[in-house]
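Inspection log for the structure reproduced underneath, given as structure tokens.
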Amino acid sequence: MISEQEKKITAYHEGGHALAAWAMPDIEPIYKVTILARGRTGGHAVAVPEEDKGLRTRSEMISQLVFAMGGRAAEELVFREPTTGAVSDIEQATKIARAMVTEFGMSSKLGAVKYGTEHGDPFLAAR
Numbered sequence: 001m002i003s004e005q006e007k008k009i010t011a012y013h014e015g016g017h018a019l020a021a022w023a024m025p026d027i028e029p030i031y032k033v034t035i036l037a038r039g040r041t042g043g044h045a046v047a048v049p050e051e052d053k054g055l056r057t058r059s060e061m062i063s064q065l066v067f068a069m070g071g072r073a074a075e076e077l078v079f080r081e082p083t084t085g086a087v088s089d090i091e092q093a094t095k096i097a098r099a100m101v102t103e104f105g106m107s108s109k110l111g112a113v114k115y116g117t118e119h120g121d122p123f124l125a126a127r
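Below you can see the structure in the form of structure tokens.
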């Protein structure tokens with residue numbers, strides 16, 4: 001059984017996702033927000049695309065990052081520290097950020113380059 005405190009944290013976390021989506025112009029509209037546990041998550045916020053898109057702009061991908069991290073940001077703002085509830089959000093944000101830099105050439109510092117597995121992990125220093 002989930003404690004009232006965990007329900008409260010989850011509600012703020014999922015609300016953080018919804019608020020982030022509302023604040024970002026390039027994110028899909030929110031379809032559903034719930035604090036009901038499903039699988040290994042305590043709740044979820046679902047943004048559904050209005051249309052199928054094969055291409056994403058840099059701005060759209062940044063909006064996805066903001067949406068992914070909105071829950072953790074809400075936890076830190078309200079409760080002054082994050083919880084482990086953001087683990088899948090961090091995983092998703094890391095995947096998006098890594099793809100932006102290594103696959104799509106969207107890094108302002110590295111420029112339009114693609115790093116493949118043949119070049120090794122660009123985030124690990126050479127030994």
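In full-length UniProt numbering, the protein residues as written are 1 to 127. We treat Cβ as the ideally placed atom computed from N, Cα and C, and that holds for glycine. Predicted model, so just to flag it, every value in this text is computed and none were measured.
Here residue 67 is buried: its Cβ has 16 or more other Cβ atoms, across all protein chains shown, within 10 Å.
Spanning the alpha carbons of residue 9 and residue 59 requires a straight line of approximately 29 Å. Residue 3 and residue 12 have their C-alpha atoms roughly 14 Å apart. In the structure shown, the three-state DSSP call for residue 115 is coil. Around the C-beta of residue 47, 16 or more other C-beta atoms lie within 10 Å, and the residue is accordingly described as buried.
By the criterion of a C-beta distance shorter than 7 Å, residue 31 is surrounded in its chain by 46, 47, 48, once the five residues flanking it on both sides are discounted. Pairing residue 93 with residue 65 gives a Cβ-Cβ distance under 8 Å. Beta-bridge partners assigned by DSSP to residue 99: none are found.
Counting of Cβ neighbours within 10 angstroms places residue 52 among the exposed residues, the total staying below 16.
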